[in-house]
Amino acid sequence: MSENREFQLGTIGALSLSVVSSVSIVICNKALISTLGFTFATTLTSWHLLVTFCSLHVALWMKLFEHKPFDARAVMGFGILNGISIGLLNLSLGFNSVGFYQMTKLAIIPCTVLLETLFFRKKFSRNIQLSLAILLLGVGIATVTDLQLNILGSILSLLAVVTTCIAQIMTNTIQKKFKVSSTQLLYQSCPYQALTLFIIGPFLDGLLTNKNVFAFKYTPQVLFFIVLSCLISVSVNFSTFLVIGKTSPVTYQVLGHLKTCLVLAFGYVLLHDPFSWRNILGILIAVVGMVIYSYYCTVESQQQKASEVSPQLPQVKESESDPLISVDNGSGMLSDGVGSKSGGKCVMILLAVLIGIICVSVAIMEWNAAFQNWICEMYDVRTPDTHQFYLQLFLFHIILKK
């Protein structure tokens, strides 16, 4: 009973960490790309992976997890495929409209279901299929606007969907096949992912933006957000492998659409982005789909567990029974680190640290904006550039002293 609770705590912590870290990095990258003009997404991702590898190397040195080498060819192929899928997704966004790109992301779930059914003989009940259809309908209503098609963009989107699905399925199967934890797999695959994106990143970013990442003007503000983005990415990458290992690729995609809804809601509440009744309706439908999906996954997980325990009943084939909040006792699942208890604690510690970083960063930005507005209103000046503002304030202070 205690193992069941510990595993459930670890799963809930992994899902919470994934949601919070992903939404946080979207907010950070939005400031970096939209406000500060750093539009080199693929190169930034390679830096994310490099920082993740360095962080895991420090964790290994501190003996927070055990290094477990396994099939080098499998790790290399997996890492390169992951890097290529990220590059293809960025290319898909660059050569397609935003609406078609959202359709591409929606296609990942049906493609994953199809691949797992054909090649892994995984069964998805009608209830699960119905809940996924409701979820995709809701996210589609909330996010898909225009659908401008072109041949090159469609080919890139197709390749992006296929490579992403295969990479996420491999994340789950490699952990189970080689009995490695999410941390061990991430540590060994990170160098190959980072190297792949280091090579193709500047070229892809230059193709999409007509700018050179090495010629960009790196101000202290840009560097701050790059460092912040890289730090948050450690939690994003760790939680991605953790969630897929503890649940399934389809459940991870369902969680991803929950993040999309949260980002839309955040944009409306805090950033005052345009929001319509269509967005609200779509988010509500998507949430209903997620609740139904989690409910039926939980029910089927209990049924499968009962059938496996009973010796009279024949063994049931693997089904999609990995809910958003699992009730499995952890048998067959991989604990991360030295056990489910320590894994759950590790996830909770990372979550607390991440929330602290976000709160401090938001507080600094809010204080900075409020302070600038107050000074500008007091002296009836307008200085949009932060560094120019503080330079003028410093000079004004010197003049007053004199």
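Just so it is clear: in the sequence shown, position 323 is 313 by the working numbering, and no numbers are missing. We put the CB at the ideal spot given by N, CA and C, even for glycine.
Is the beta carbon of residue j closer than 8 Å to that of residue i?
i, j, result
"Ala184", "Phe43", "yes"
"Tyr283", "Ile118", "yes"
"Leu79", "Ala123", "no"
"Ser11", "Ser225", "yes"
"Gly128", "Ile273", "yes"
"Phe60", "Phe168", "yes"
"Thr186", "Ile15", "no"
"Thr25", "Lys201", "no"
"Cys18", "Phe215", "yes"
"Val233", "Ser8", "yes"
"Ala276", "Ala97", "no"
"Ser121", "Glu290", "no"
"Phe228", "Thr163", "no"
"Met66", "Tyr182", "yes"
"Gly143", "Phe188", "no"
"Thr161", "Phe231", "yes"
"Leu393", "Ile159", "Past the boundaries of the shown model lies residue 393; the chain is included only from -9 to 392, so the question cannot be answered."
Could you give the C-beta distance for residue i and residue j, rounded to a whole number, given that I count them as a contact under 8 Å?
i, j, result
"Thr33", "Asp195", "5 Å"
"Thr102", "Cys155", "5 Å"
"Thr223", "His38", "In the sequence as presented, Thr is not what sits at residue 223; that position holds Ser. Indeed they touch by this definition, with Cβ atoms about 3 Å apart."
"Leu22", "Ser219", "6 Å"
"Phe85", "Leu146", "6 Å"
"Gln165", "Leu176", "About 10 Å separates the two Cβ atoms, so there is no contact after all."
"Ile74", "Thr153", "6 Å"
"Gly279", "Leu50", "No, Gly279 and Leu50 are not in contact; Cβ-Cβ is about 40 Å, not under 8 Å."
"Ile190", "Gly77", "5 Å"
"Val170", "Lys58", "5 Å"
Quick check on the DSSP output: the alpha helix (DSSP H) that includes residue i runs from which residue to which?
i, result
"Gly69", "62 to 85"
"Ser36", "31 to 51"
"Ile164", "141 to 167"
**Message:** Going residue by residue through the stretch 169 to 199, where are the continuous beta strand (DSSP E) segments of at least 3 residues, counting only ones entirely within it?
**Reply:** The DSSP assignment places no complete run of the beta strand (DSSP E) inside the stretch 169 to 199 (cut-off: 3 residues).
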